[in-house]
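Numbering (full-length UniProt numbering), first residue to last: 1 to 143.
Glycine is no exception: its CB is placed at the ideal position from the N, C-alpha and C atoms.
The structure presented is a predicted model; accordingly, all values stated were derived computationally and were not measured.
Here it is, written out as structure tokens:
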């Protein structure tokens with residue numbers, strides 16, 4: 001993982017990359033009974049890693065806002081396609097790619113936290129609120 005990234009964010013991303021992320025589809029595969037509806041977008045979409053990070057309208061709003069702020073116009077694809085794209089992009093060293101790397105890791109962590117907060121604590125935040133928080137954190141990181 002990259003130097004300077006927050007350790008707990010890196011760990012959650014590592015779990016996701018290893019496909020060890022606890023998602024509803026993974027829990028049901030293990031025989032654990034869980035409501036399959038997505039707690040973020042309130043649809044009956046099964047909570048898979050790809051849905052949570054890129055197919056869910058909640059997550060898409062966060063991604064679009066943050067990518068627009070750093071000047072990237074891109075439609076999100078599946079989890080695997082996004083990981084492949086990001087790996088290629090951030091391998092080229094530039095300030096923008098460094099920001100993108102930090103942003104990507106932070107967004108994955110914050111989406112995971114939002115799911116857990118909604119499911120276990122009934123605390124809900126708007127996607128715009130999370131995007132602004134991450135934008136401010138990114139601005140502070142640059143200083």
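If you check the CB distance, residue 74 and residue 67 come in under 8 Å. Taking all protein chains shown into account, residue 40 has 16 or more neighbouring C-beta atoms within 10 Å of its C-beta and is therefore buried.
For residue 87, the enclosing alpha helix (DSSP H) begins and ends at 79-90. Annotation: the segment 115-143 contains the following complete segments of the alpha helix (DSSP H) (minimum length 4 residues), in chain order: 127-142. The C-beta of residue 24 has 16 or more other C-beta atoms within 10 Å across all chains shown, which makes the residue buried.
By alpha-carbon distance to residue 17, the top candidate from 45, 47, 81 is 81. Rounded to whole angstroms, the Cβ separation of residue 21 and residue 49 is 6 Å, and the two are in contact under 8 Å.
In the three-state reduction of the DSSP assignment, residue 73 falls in the coil class, being assigned neither a helical nor a strand state. Contact between residue 114 and residue 130 holds: CB atoms are separated by about 7 Å, below the 8 Å threshold. Residue 53 places its beta carbon less than 8 Å from that of residue 79.
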